[in-house]
Every structure is written in structure tokens, then in C-alpha cells.
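Single-structure report; data block below.
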Amino acid sequence: MKALVPHLAVLVALAAMGFLLPPYHHGMMARVLVMAVFAIGYNIAFGYTGLLSLGHALHFCAGMMACGIAMREGVAAGPALMLGLAAGGVTALATGLLALRTAGVSFMIVTLMFAQAFHLALLYYGGFTGGDEGFPLPGAARRLFGLDLTQAGPRYAVALVLFGLVLLAQWGLVSSRFGRSLIAMRENEERSRMLGYNPFTTKLAALVISGLCAGIAGAAYGVLFGYVGASFGTTQYSILPMLYVLLGGAGTTLGPLLGAGLMAWLIDAASGLTDSPLAVIGVTLIGLVVFAPRGILGTLRQRGQKWLP
Amino acid sequence: MGTGPLLLLATLEGTVMAAVLALAAVGLSLTFGVMRVVNVAHGEFYMMGAVLAWAVAQAVPSAPLGFVAALLIAPPLVAALAWVTDTTLLKRLNYDPESTIVATIGLSYLLQQGALSFFGPDARPVAAPFSLRLQFPWFGYSGYKLFVVLAALLVLGAVWLFLRRSKAGLVMRATQVDRNTARAFGINVDRVYAGTFALGAGLAALAAVLVVPISQAHYLMGHDPLLLSFIVVIIGGLGSLRGTLIAALIIGLADGILSMLYPPTLAKIVATLVVALVLVFRPQGLFGAPAR
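Each protein sequence line maps, in turn, to chains A and B.
Sequence positions in the first sequence follow the numbering used here and run 462 to 770.
Sequence positions in the second sequence follow the numbering used here and run 2 to 293.
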């Protein structure tokens, strides 16, 4: 239970930021929180189970499109969000059933190809999905529990509540017996198979949970910021959660948030130097793989800060 | 135009496509075969070849000379860049397959941004070295495109001879079979890896220089060739050179013919799904031998 303290401290700090931040950073932080939910999903697959997927944009964008199209057809925001959650889980189950027959580099390429095919399909059926341009969600429909999500305050609050729930769920998951079997898959699949765990179903479950997080993150992104589109299904949105997790520290519960926050700040700070975030992302990726493959929190934990969750 | 001439045109276009694709994919296949790493920045090396070709052609006043200069200068420059990448980046990662993918993703973003900053967002043409037009009874066809096919065949033949007949090719194949034994026999494996990576990138750049008079240089142009090279290499069997060539021919022709009859996006969706399913159900590729 000791690990509850840092989690609650982070959530309290985030809540305080909601009152203190100036408007520009307020909106940015809400975005960071939603992307951190996405990254937590990625962390469960990559950080804890060792599944390096290059196709998580598929689940993120599936959640976003399901939610957005439902709302366009008149469904209220709450049920639409649940549809997004389900879409993330279902796509993860479908692709996982096939992709998990491979491992390592093949797994990366197969997931990448599935995400690519999904993105192309969104473009192909552009008449229904809005294609690359996407479509805005009407402000009147963006209401949840009576909160008007076009306003900055409620938007931040909803993002924070979602993030808090997912963060605590992640902590509960990884400290459970099932969470330990995920880590066993990452560390030594053969040995855990010998001990009686089924690697296929365990990894599939991890992928589905990961997809659920990605789906709800995508749906929330659409509802909170009022826009959905196929551009969220490009490879870049598969790379971003990987980048956040690698930066913050794979296999640490708070790493995804740290990575997402730091990256947003880095890109914002570098916008004076370059006109595009691509170079910043590229340099960070290379730097991380070469100098700090464990990320920030992972390196700290390795250097004696054993209490880090 | 009737169906017959249309089909002829599609086949011609498909052959040109297949030739360029084979060159680009052989580079990717070589790096995977010998080094066992997947180079995601391969498409960006291709793009660099095209962009450098434009830069060189700008500097040389006459059009045919500019193209020849680009052909001679751009691929070695890209190969040198790849050599540096290998020795400073990939070697430090110990050629770990997963880290290499992440690092080359980073590299591809960097190269894209570099090209955008120095080259700009516009597509730029390079003049073809000659403007011969072959007149068929139904339509005229660019002689330069047929030259591309011929040049690609020559280069592929040279690569084949290099791998089969030269000492360096023998050393490369030895490293591919077993790098530890190769090292025990006194082969400088680090140098072989750097050379292979440079050769692969150089071939991609060469393909791009050849294609630039047809389709212009653009900083995002590396995306499609990367995807298609992936498809070719995987369908042909990872690391199998013969499989890569056969697959390039099939996919180039199929792409040329199908995109005449169906929307190109639909063809791409089908192709990517086929690749994923081939990797899942027949990981050795359609033409590769089962893994030992």
C-alpha cells in the first residue's frame, strides 16, 4: 500500500495545477493527461509485458472514430465514450489474435501493417469517416454529467478524473497476481510457460487491456477537444506513446505521464528553434535508445530509488 | 483506347515500377539479410537520394550533364551518410533488432525535418537526360522510362555479380551465415556491417535518382517506397535476394496493372493486409526456405 502515496501525491498536484495554470498551459496539460492515458495503455503492453507494438494508433483512432461517428449520429457523449472504449478493446483483440502468433521484429511489422491498413481504410471510406480532414463534434453534444466540455475548467477536470482512474487501475493491475504474470512474460516467456502460464492468452489479455486504454483515450480526445479525423491514425500516433513510455521509463507506473508531459514541454520549448516537432521527436528517440534505454524513472529506480512504483 | 493497348500501357508502367522497386527493396533486403536489422530510415535514404539529385542538377547548368552528375554524386553521398550512421549509432546499439528499429524511426524523423528545413515543402523536378519518345500505334511512351528499366537491370546484375563473384561479396555472405565464425576467420565484421548498410542506402538513393525525372523530389516521398520495399522484402522472404527480385517484379507489375483498374488506396489496403498475413502464417515469405 506504500506505493499509493506517490500516486495520490501526483493526482493532488495535478488537481492543484488545474487551478493555478494560465489558460494556454491549462489546455496543453489537459491534452497531456489524455495522451498519458494512451501511454499508460502502451506501457501495459510494452513496459510490463514486453510487447513492442508499432500499431497502437489503430486502437487510439478506432476509439476516437467510433465515439465521433456515434456522436455525429446523435448518441450522447457518455455512451459514445463507452463505444470508443469497446472499439479499442475489440480492435486489440482482433489484431492480437493474429499478431501474437509472431514475436519481436515480425510482431512490430505486423502491428505496423494492421495500423497502416486501418488508416488507409479510413481514407478510402472518407465519405463516412471524414477522411484526412475529419469532422468537428458539435459543441452542444459535448456534455458529460451536466458539464460543458467546451469550457477549459470542466475539460481539465474530466481529463484528470479519467487519468486518475486509469492510473490507479494500472497500479492495481501491475501489483496483482495477473500483473506479475505479465512481467514474467517480459522477463522469460519459456520459464513462465514451464510454470504453467499460457503465454498466448496472457499476452492477448495484456493487449486487450492496452487497447481499451488507447480506445478510451482516443474517444476522450475527440470529446474533449471537439475534433476527430483519420490523421490520428497515422504511424506518428503509434510512435508517440512509445516515445512517452521510453522517455518516462518503461515498466514504471508514473513514467507515461512524465514522458507525455516532458515531451509536450520539449516540443513547446523547441518551437522557437524549429517549425516542426519532428526533429525533436527524432533526436529524443535516438538519444533515449543510445543513452538511457530505461527512461528517466527506470534509470532512477536502477540507481537506488527502489521506492519508485 | 481498347483493352489491349490499355493493358500494354499498364504493363509498361508496372515494369518501370517493378524496376525501381527492386532496386530500393534489394537495399533493404541486403541490410536485413546480412545484419538482421530492419532499417526504417530506408525510405528517407531514398528521399535523400532524390533531394541531393535535385541539388546537384541545380548546380550543373546543362540538363543531361546535371543528371549524370547527380547519378554519380548523390548515391555515394547517401552511402557515406549511412556509413556514419552505422558506425556512430547502430554499432553502439549492438545491432539489437528492436532498439535499431526505434533508433531508425528517430533517424527518419530527423532526415525528414532536415530535408524540410533545407529543401522546403515543394516538390521539385529534375530534367530527364534525354526526351526520346517511342511512338506506339495507340500512344506515345517516354523512352526515359525504358532507360530506367534497363539501368535497374544493369545495377541489379552488378549487385548479383558482386555478391556471387567478388571477394567482398563472399565475405558479406559469410558474415550473413554466421558472424561469429566469420570473425574467427579474421573478417572485420564491423566493417562488413558498415559497408552493407552503406550499400543498401546507396542502392535506395540510386533508385531515387533514376525516378526523380519521372516523379519529382519531395521531402515526404520516402514513405511509399519504404512501405512497398517492406512488402517486397517480406513477400520475397526476409534476406533472400532472389525472392526479393521475384517479389519486386510481381508486386510492381500487379501495382501497375491493378492501379489502372482499381483505386490505388484499395490496392494498398489489400497489399498491407497481405503482408501482415504472410508474416503471421508464412514467416519465411512466399519464396524463402523455412527457417533452420
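Where is the CB? At the ideal position from N, CA and C, for every residue including glycine.
In the DSSP secondary-structure assignment, Q136 of chain B is bridged to B:G141. Residues of chain A whose Cβ lies closer than 8 Å to the Cβ of V35 of chain B do not exist; the shortest such Cβ separation is about 15 Å.
Remark: fewer than three beta-carbon pairs, one from each stretch, lie closer than 8 Å, so the region 708 to 717 of chain A and the region 100 to 118 of chain B are not flagged as touching. DSSP places F596 of chain A within a strand segment (E or B) once states are collapsed to three. Close partners of P284 of chain B in chain A (Cβ separation under 8 Å): T563, S567. A Cβ of chain B is located within less than 8 Å of the beta carbon of A582 of chain A. Here A42 of chain B is buried. Its C-beta has 16 or more other C-beta atoms within 10 Å.
In this structure, V566 of chain A and P98 of chain B form a Cβ contact; the two beta carbons are roughly 5 Å apart against a cut-off of 8 Å. The beta carbon of D87 of chain B is closer than 8 Å to those of Y194, A195, F198, A199 in its chain, skipping five residues each way along the sequence. The C-alpha of A60 of chain B is placed about 42 Å away from the C-alpha of G516 of chain A. DSSP places F198 of chain B inside the alpha helix (DSSP H), whose first and last residues are 190 to 216. Residue pairing for D609 of chain A: DSSP places it in a beta bridge opposite A:R604. In the structure shown, R93 of chain B adopts coil according to DSSP, grouped into three states. Contact with chain A is found for R93 of chain B, since one of that chain's Cβ atoms lies less than 8 Å from the residue's Cβ. Looking at the DSSP output, Y110 of chain B sits in no beta bridge, so it has no partner there.
Assignment of Y263 of chain B by DSSP, reduced to helix, strand and coil, places it in the coil class. Taking one beta carbon from each stretch, the region 113 to 127 of chain B and the region 45 to 57 of chain B have 3 or more pairs nearer than 8 Å; the two touch. For T266 of chain B, the C-beta contacts it makes with chain A under 7 Å involve L581, L584, Y585, in order along the chain. A residue is called buried once 16 or more other Cβ atoms fall within 10 Å of its Cβ, and Q113 of chain B is buried on that count. Where K664 of chain A is concerned, the enclosing alpha helix (DSSP H) starts and stops at 660 to 686. Per the DSSP secondary-structure output, V689 of chain A pairs in a beta bridge with A:F596. In this structure the region 510 to 525 of chain A lies against the region 658 to 674 of chain A, because at least three pairs of beta carbons, one per stretch, are closer than 8 Å. Between G712 of chain A and chain B, the shortest Cβ-Cβ separation is not below 8 Å. For F46 of chain B against A205 of chain B, the beta-carbon gap comes to about 5 Å, under 8 Å, which counts as contact.
Listed in chain order, the alpha helix (DSSP H) runs fully inside the region 488 to 572 of chain A are 517 to 533, 538 to 560, counting runs of at least 4 residues. Taking 8 Å as the CB threshold, Q763 of chain A stays off the interface with chain B.
Each residue's CA atom was taken as its position, placing L246 of chain B and G158 of chain B some 11 Å apart. Listed along chain B are A277, L278, V281, F282, each with a C-beta nearer than 9 Å to that of L559 of chain A. Look at L111 of chain B: its C-beta is under 8 Å from a C-beta on chain A.
Using a Cβ-Cβ cut-off of 8 Å, M574 of chain A counts as an interface residue toward chain B, since at least one Cβ of chain B sits closer than that to its own. K463 of chain A sits exposed, since fewer than 16 C-beta atoms from the chains shown fall within 10 Å of its C-beta.
Looking at the DSSP output, R125 of chain B sits in a beta bridge with B:A218. Of the candidates A:A497, A:P467, A:L546, A:E651, the residue whose Cα lies closest to the Cα of V706 of chain A is A:A497. Distance from the CA atom of S100 of chain B to the CA atom of I747 of chain A, rounded to whole angstroms, is 9 Å.
At least one CB of chain B lies nearer than 8 Å to the CB of L746 of chain A.
Under the Cβ criterion of 8 Å, I236 of chain B is not counted among the residues facing chain A.
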